[in-house]
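S.K.: What follows is a structure written as structure tokens; I'll ask about it next.
Chains as they are written, first to last, in this note's numbering: chain F, 1164 to 1518; chain R, 126 to 309.
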């Protein structure tokens, strides 16, 4: 299979085309603008629509419109732009409209900077918009995975009629790695008989995100709840790397950090350390059960993130106090180095690491 | 096991990212795992630029490195910043056209090459400085074959840029010849 060296952002954009995305609405922001740039050239070639909106708010509402017609549609941005899109994402979740929202996140809060960060974990996994809604969140860790998870994102959006977020960061978006373009097969999906196709085709349909009767809205929210439970049962994904059967430390990290932790495990092996890495691939639904099982096996957990401590809350929910959970982070666009994490592990193994 | 962590630093406009891309593409064409990560700050021409390329036999973890085993510095700021990081026994390639300072490290191998002068005089195209350096690097440390590097250039310089191939090939040869003379 031929390998092509591609930038993360461009690989994601091409994967969207190949997954059948024909509508893209966005507004430029570093470090993800290459997605827009690539699609502005490629979408017209395949008969699609590329539109640079006047703002992020306009873009997400255009996504709502295209999704309501049953089309595969995507928008992308970075932290500050995603903040602007949150109202629209809540509306999309309420209207049960499938779409893909990409966040190549950067250092925050505020306008922050353009370097890689993972500080949008809460925003992605807890909503950020109002109301009781959830979005699936996929966390790729390589350029090849940006391709496979973009396909998966469109599939899951249609399967659940729900927005799906891809949470990357500046490093994944800007780096180049070889990519192979093989056919990706996913299970069949039900027909979109809910989509609004215009006058003259069957019964009248409505796509709404308002329900004034509280009894009816409660029923609807319970229906959403079932959907979120089904996501947890059927579509939680993770990877385990390193010493799986008898670890004496469990590392947990996602995306860019998980790559660094793989290097850490290889270096640690030279010291005789038996370390396992659990890399959540879906951040919502989060692999709580696996975290607990692996934490019990290892007896000690170290969470590494590029934020002040966000995913660690999910890790602790999974561990349920059955093992101490340590934390190491770099923030503000700084990326942890292999040496720093090795030092932290040495401290923990000597019993000096603070929880 | 094959594993190289290569750090390249210089001014924006010196072709730092391009040089990295040629290395990564050549590594890929030889069947290795590769990654390329640029500094992507707001700086463009005239600012500082750097880029990390990793070429390995196994799945690549971290795409940035604390201790490169090969480091190319094309200007003084990157010389000062990166030369202390080079792994013991590693190779530091210094563009001596722009770097007058001496490197005091005894524990690494140093290759000095007046790449700007060589590019200007021998190829007539100043922009090929990066390829002169690459030619010298591959001659000193054959981590990749010359034919893979040439194929990488053919893969990257397509369309309107195809006419730049021959001068880039020439620049590689100029660097290679310089290194061979140095060794004698």
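Note that the Cβ used here is the ideal one computed from N, Cα and C, for glycine as well. Predicted model, so just to flag it, every value in this text is computed and none were measured.
At a Cβ threshold of 9 Å, is residue 260/R touching chain F?
M.R.: The residue given as residue 260/R occupies position 135 in the second chain. Judged by the 9 Å Cβ criterion, residue 260/R is not in contact with chain F.
S.K.: Run through DSSP, which three-state label would residue 231/R get?
M.R.: Within the second chain, numbered from 1, the residue matching residue 231/R stands at position 106. Residue 231/R falls in the coil class under three-state DSSP.
S.K.: Check the Cβ of residue 153/R against every Cβ in chain F and list those closer than 8 Å, keeping chain order.
M.R.: Taking the first residue of the second chain as position 1, residue 153/R is located at position 28. Those are 1166, 1168, 1341, listed as they occur along chain F.
S.K.: Would you kindly work out how many angstroms separate the C-alpha atoms of residue 1164/F and residue 1292/F, rounded to a whole number?
M.R.: Within the first chain, the letter at position 1 stands for residue 1164/F. Within the first chain, the letter at position 129 stands for residue 1292/F. Using only the alpha carbons, I get a separation of about 43 Å.
S.K.: Taking 9 Å as the cut-off, decide whether the C-beta atoms of residue 278/R and residue 294/R are in contact.
M.R.: On the second chain, position 153 is the one that residue 278/R refers to. On the second chain, position 169 is the one that residue 294/R refers to. In this structure, residue 294/R lies closer than 9 Å to residue 278/R by Cβ.
S.K.: For the putative contact between residue 1353/F and residue 1329/F, defined by C-beta atoms under 8 Å, what is the C-beta separation to the nearest angstrom?
M.R.: For the purposes of this step, residue 1353/F is taken as residue 190 along the first chain, with counting starting at 1. For the purposes of this step, residue 1329/F is taken as residue 166 along the first chain, with counting starting at 1. At roughly 23 Å, the Cβ-Cβ gap does not stay under 8 Å, so residue 1353/F and residue 1329/F are not in contact.
S.K.: What is the DSSP secondary structure of residue 1328/F, counted as helix, strand or coil?
M.R.: In the first chain, the residue the question calls residue 1328/F occupies position 165. Here residue 1328/F sits in strand by DSSP.
S.K.: Can you pull the chain R neighbours of residue 1425/F, defined as C-beta to C-beta under 9 Å?
M.R.: Within the first chain, the letter at position 262 stands for residue 1425/F. Those are 184, 185, 186, 187, listed as they occur along chain R.
S.K.: Report the residue from 1225/F, 1326/F, 1321/F, 1498/F whose alpha carbon sits nearest the alpha carbon of residue 1266/F.
M.R.: Reading the first chain from its first residue, position 103 is the one you call residue 1266/F. Measuring from the Cα of residue 1266/F, the nearest candidate turns out to be 1326/F.
S.K.: Between the segment 1405 to 1425 of chain F and chain R, which residues of the former have a C-beta closer than 9 Å to a C-beta of the latter?
M.R.: Within the segment 1405 to 1425 of chain F, the residues whose Cβ lies closer than 9 Å to some Cβ of chain R are 1419, 1421, 1422, 1423, 1424, 1425, listed in chain order.
S.K.: Should residue 1267/F be flagged as near chain R, meaning a C-beta pair shorter than 9 Å?
M.R.: As a working mapping, residue 1267/F is identified with position 104 in the first chain. Not one chain R Cβ lies under 9 Å of residue 1267/F.
S.K.: Compare the C-alpha of residue 322/R against each of 141/R, 133/R, 249/R and name the closest.
M.R.: Because residue 322/R is not part of the residues shown, which for chain R are 126 to 309, the question remains open.
S.K.: What does the Cβ neighbour count give for residue 1461/F, buried or exposed, with the cut at 16 atoms within 10 Å?
M.R.: Here residue 1461/F is taken as the residue at index 298 of the first chain, counted from 1. By the 10 Å Cβ count, residue 1461/F comes out buried.
S.K.: By the 10 Å Cβ neighbour count, where 16 or more other Cβ atoms means buried, how is residue 1318/F classified, buried or exposed?
M.R.: Walking along the first chain from the start, residue 1318/F turns up at place 155. Residue 1318/F is buried by the Cβ-count criterion.
S.K.: Using a Cβ-Cβ distance cut-off of 9 Å, determine whether residue 254/R contacts chain F.
M.R.: Reading the second chain from its first residue, position 129 is the one you call residue 254/R. Cβ-Cβ to chain F under 9 Å: no for residue 254/R.
S.K.: Taking 7 Å as the limit between beta carbons, can you name the residues of its chain near residue 1149/F, skipping five residues before and five after?
M.R.: In the structure displayed, chain F extends from 1164 to 1518; residue 1149/F sits before or after that span and is not available.
S.K.: Is it a yes or a no for the segment 220 to 233 of chain R touching the segment 173 to 185 of chain R, going by three-plus beta-carbon pairs under 8 Å?
M.R.: Cβ pair count under 8 Å is below three, so no.
S.K.: Just reading off the beta strand (DSSP E) that residue 301/R is part of, what are its end residues?
M.R.: The count along the second chain starts at 1 and reaches residue 301/R at position 176. It is not in any beta strand (DSSP E) - residue 301/R instead sits in the alpha helix (DSSP H) that spans 290 to 308.
S.K.: In whole angstroms, what is the alpha-carbon distance linking residue 1426/F and residue 1229/F?
M.R.: Within the first chain, residue 1426/F is the residue found at index 263, counting from 1. Within the first chain, residue 1229/F is the residue found at index 66, counting from 1. Taking the straight line from one Cα to the other gives about 42 Å.
S.K.: Have a look at the DSSP bridge pairing and note the partners of residue 1350/F.
M.R.: Translated into the one-based positions of the first chain, residue 1350/F becomes position 187. Residue 1350/F is not bridged to any residue.
S.K.: According to a CB-to-CB cut-off of less than 7 Å, which residues of the segment 1468 to 1501 of chain F neighbour chain R?
M.R.: Cβ contacts with chain R: 1498, 1500, 1501.
S.K.: Under a three-way DSSP split, which group does residue 1445/F fall into?
M.R.: For the purposes of this step, residue 1445/F is taken as residue 282 along the first chain, with counting starting at 1. Strand at residue 1445/F.
S.K.: Could you tell me which chain R residues have their CB closer than 8 Å to the CB of residue 1337/F, listed as they occur along the chain?
M.R.: As a position in the first chain, residue 1337/F is number 174, starting the count at 1. Under the 8 Å cutoff, chain R gives 162, 163, 165.
S.K.: If I follow the unbroken alpha helix (DSSP H) through residue 1474/F, where does it start and stop?
M.R.: In the first chain, the residue the question calls residue 1474/F occupies position 311. It spans 1474 to 1482 - the alpha helix (DSSP H) in which residue 1474/F sits, taken as one unbroken run.
S.K.: For the beta strand (DSSP E) containing residue 1257/F, list its first residue and its last residue.
M.R.: As a working note, residue 1257/F is residue 94 in the first chain. Unbroken run through residue 1257/F is the alpha helix (DSSP H), 1242 to 1257; no beta strand (DSSP E).
S.K.: In angstroms, rounded to a whole number, what distance separates the CA positions of residue 1184/F and residue 1454/F?
M.R.: Residue numbering aside, residue 1184/F sits at position 21 when the first chain is read from its first letter. Residue numbering aside, residue 1454/F sits at position 291 when the first chain is read from its first letter. If you take the alpha carbons of residue 1184/F and residue 1454/F, they lie about 34 Å apart.
S.K.: Just to confirm before moving on: does the CB-CB distance between residue 216/R and residue 176/R stay below 9 Å?
M.R.: Looking up residue 216/R in the second chain gives position 91. Looking up residue 176/R in the second chain gives position 51. No. Outside cutoff.
S.K.: Just verifying my parser: in three-state terms, what is the DSSP assignment at residue 1339/F?
M.R.: Here residue 1339/F corresponds to residue number 176 of the first chain, with the count starting at 1. Residue 1339/F falls in the strand class under three-state DSSP.
S.K.: Would DSSP call residue 1182/F helix, strand or coil?
M.R.: For this step, residue 1182/F is matched to residue 19 along the first chain. Correct three-state label for residue 1182/F: coil.
S.K.: Does the Cβ of residue 1288/F have 16 or more other Cβ atoms within 10 Å, making it buried, or fewer, making it exposed?
M.R.: The residue you call residue 1288/F lines up with position 125 of the first chain. By the 10 Å Cβ count, residue 1288/F comes out buried.
S.K.: Could you name the residues of the same chain whose beta carbon sits closer than 7 Å to that of residue 1517/F, not counting the 5 residues immediately before and after it, in chain order?
M.R.: Residue 1517/F sits at position 354 when you count from the first residue of the first chain. Since pLDDT at residue 1517/F reaches only 47, below the 50 mark, its modelled position is unreliable, and no value is offered.
S.K.: Mind listing which residues of the segment 1309 to 1337 of chain F have their C-beta closer than 8 Å to chain R's C-betas, in chain order?
M.R.: Of all residues in the segment 1309 to 1337 of chain F, 1333, 1334, 1337 have a Cβ within less than 8 Å of some Cβ in chain R.
S.K.: Against chain F, does residue 232/R count as a neighbour if the rule is that its beta carbon must be under 9 Å from one of theirs?
M.R.: Position 107 of the second chain holds residue 232/R. So no, residue 232/R is outside the interface.
S.K.: I want to see whether chain R comes within less than 9 Å of residue 1289/F, judged by CB atoms only; does it?
M.R.: For the purposes of this step, residue 1289/F is taken as residue 126 along the first chain, with counting starting at 1. Cβ-Cβ to chain R under 9 Å: no for residue 1289/F.
S.K.: Kindly indicate if chain F contains any beta-carbon less than 9 Å away from that of residue 159/R.
M.R.: The residue given as residue 159/R occupies position 34 in the second chain. Yes, contact with chain F.
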